[in-house]
Amino acid sequence: MVPCWFFVAMLAPVVLALEQSPDTVIRQGQSTNLSCSEKKSSNVAMYWYKLPLGKDSRLILVASALQGKNDEIIPPAVAIFSPSKQEIQQKSKATLVCLASGFYPDHLNLVWKVNGAKRTEGVGTDEFSTWNGSTYSLTSRLRISAQEWFNPLNRFECVANFFENGTLESIHKLLYGDAGCALTEESYLWYGNSLKLTYLILCGKALLYAVLVSSLVWTAKAGGKLYRE
């Protein structure tokens, strides 16, 4: 006999009366739809549990990952912010910030890409989305070296992935590396040394020119004296 699967849906904590599907029996390989609703709900989240016979209940699904019939899906607004010049000058590091805001529900993840390749090193993303009263926001940070940032050919991309009407959607935001107008400590020292070297070369040329002119003047005077004699 093909084994059967038993599912029970419940809401915790229960504040008001629930309306849910009756107990359902399906065979392996089959599928079914379960529904659970609460009128005038004051709960923030609903939870689904699977109850194996003879075993304690085990949480298998958080219903905040599900879409209610009356829920409106609001896609995020995504923006990338350039690193702080102070951080670059003091630490030779650059932190890019990606902010996804104004979305609902809270099931969204942020992914960083550099020149099209996924980047996980140096990435720090908030563990939970922030509730702003009606929508959510989520922040992720990418820390790179100043050298990597000061390369206009580098392309930094923040991708926000979320579900809309059962389909995975993505919003991409791009930011290119800086052309190098701001100076890091290393580049500042390099330019300073270059200026010093240029100054010394110019001084050397001026001195050589002065010696050459003095030699010509002395030669001319010596030649005139011999001519008079």
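Throughout the sequence shown, residue numbering follows mature numbering (1 follows the signal peptide of the UniProt record, and there is no 0), covering -17 to -1, 1 to 212 in sequence.
Cβ atoms here follow ideal geometry from the backbone N, Cα and C, with glycine treated the same way.
Because the structure is a prediction, the values reported are computed rather than measured.
The DSSP-derived three-state label of T122 is strand. Where A143 is concerned, there is no enclosing alpha helix (DSSP H), although the beta strand (DSSP E) around it starts and stops at R138 to E147.
Shown here, S117 sits in coil according to DSSP, grouped into three states, outside any helix or strand.
Here I57 really is in contact with G85; their C-beta atoms are around 6 Å apart, less than 8 Å. The beta carbon of T113 lies closer than 6 Å to those of S120 in the same chain, with the five residues before and after it left out.
Judged by beta-carbon spacing, L151 lies beyond the 8 Å limit of F139, meaning their Cβ atoms are not closer than that value.
Looking at the backbone, the Cα of F146 and that of H90 are separated by about 8 Å.
Contact check for S123 against L93 passes: the beta carbons are separated by less than 8 Å. DSSP places Q13 in the coil class of the three-state scheme, outside both helix and strand. By the Cβ neighbour-count rule, L199 is exposed, with fewer than 16 other Cβ atoms within 10 Å of its own. With respect to the 8 Å criterion, V97 and A83 are not classified as neighbours on the basis of their beta carbons. E70 and A77 have their C-alpha atoms roughly 6 Å apart.
Residues I63, L93, S123 and C141 of the same chain have their beta carbon placed closer than 6 Å to that of C81, with the five preceding and five following residues left out of the count. Judged by beta-carbon spacing, A100 lies beyond the 8 Å limit of P135, meaning their Cβ atoms are not closer than that value. If you draw a straight line from the Cα of I184 to the Cα of V194, it is about 15 Å long.
Less than 8 Å divides the Cβ of F133 from the Cβ of G160. Note on geometry: alpha-carbon atoms of R102 and N176 lie some 35 Å from one another.
Beta bridge pairing from DSSP links A62 with L82. Classified as exposed, W201 has fewer than 16 neighbouring CB atoms from the shown chains inside 10 Å of its CB.
A distance of 8 Å or more separates the beta carbons of S67 and A129. Between S4 and S20, the C-beta spacing is not below 8 Å. In the structure shown, A189 falls within a helical segment according to DSSP collapsed to helix, strand and coil. Secondary structure note for I154: its beta strand (DSSP E) is the uninterrupted segment T150 to Y159.
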